[in-house]
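Numbering follows the working numbering, in which position 90 of the sequence shown is assigned residue number 116; successive positions increment by one, without gaps. We treat Cβ as the ideally placed atom computed from N, Cα and C, and that holds for glycine. Every value quoted in this text rests on a predicted model; they were computed, and no experiment measured them. Please read the structure below before turning to the comments.
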Amino acid sequence: MELVKKIEIITNSLELPRVLKILEKAGVSGYTIIENVTGTGDRGRVINDLATQALTNGYVMSICTEKSEHQLVKAIEPVLKKFGGVCIVSDAKWIAH
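Structure below.
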């Protein structure tokens with residue numbers, strides 16, 4: 027097993043392309059996206075019964091090295107401050123195959 031950082035990002039669906047570019051620039055090569063994420067947070071409740079995806083959230087999960095983590099967090103922070111969302115970084119173990 028390899029020690030890695032698990033990255034979880036929830037942000038406005040319209041910002042997902044920007045988030046993915048940030049991941050790629052930080053050297054993160056793989057990720058999983060779940061669209062139409064619902065929940066509640068600092069900006070109120072987000073539900074999935076809207077006519078447009080402009081107000082929905084997306085969830086991105088990936089893993090990276092500690093070096094990539096610092097670059098990623100620095101780049102994603104302005105997006106989260108402007109458009110809302112969260113970025114959670116935790117220690118994880120990856121079973122390489």
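Straight-line CA distance for L29 to W120? As a first step, residue 29 is located in the sequence shown; it is residue number 3 there, counting from the start. As a first step, residue 120 is located in the sequence shown; it is residue number 94 there, counting from the start. Going from the Cα of L29 to the Cα of W120 covers about 6 Å.
Starting from L49, trace the alpha helix (DSSP H) in both directions and tell me its first and last residue. Walking along the sequence shown from the start, residue 49 turns up at place 23. L49 -> alpha helix (DSSP H) spans L42 to K51.
By the DSSP assignment, the beta strand (DSSP E) with V63 in it spans what residues? If you number the sequence shown from 1, residue 63 lands on position 37. Element bounds for V63: T58 to V63.
Separation of G84 from E95, as counted between CA atoms: Walking along the sequence shown from the start, residue 95 turns up at place 69. Walking along the sequence shown from the start, residue 84 turns up at place 58. Going from the Cα of E95 to the Cα of G84 covers about 20 Å.
Let me check understanding here. Comparing Cα to Cα, which of K107, T66, C90 and K32 lies closest to V54? Locating residue 54 in the sequence shown gives position 28, where the first residue counts as 1. Measuring from the Cα of V54, the nearest candidate turns out to be C90.
I114 and E61 closer than 7 Å at C-beta: What you label residue 114 is simply residue 88 of the sequence shown in a count that begins at 1. What you label residue 61 is simply residue 35 of the sequence shown in a count that begins at 1. Result no, Cβ atoms of I114 and E61 do not sit closer than 7 Å.
Taking just the CA atoms, how far does A52 sit from G111? On the sequence shown, position 85 is the one that residue 111 refers to. On the sequence shown, position 26 is the one that residue 52 refers to. Going by the C-alpha atoms only, they are around 19 Å apart.
In the DSSP assignment, find the alpha helix (DSSP H) that holds A118 and state where it starts and stops. Translated into the one-based positions of the sequence shown, residue 118 becomes position 92. From DSSP, A118 is part of no alpha helix (DSSP H) but of the beta strand (DSSP E) over V112 to W120.
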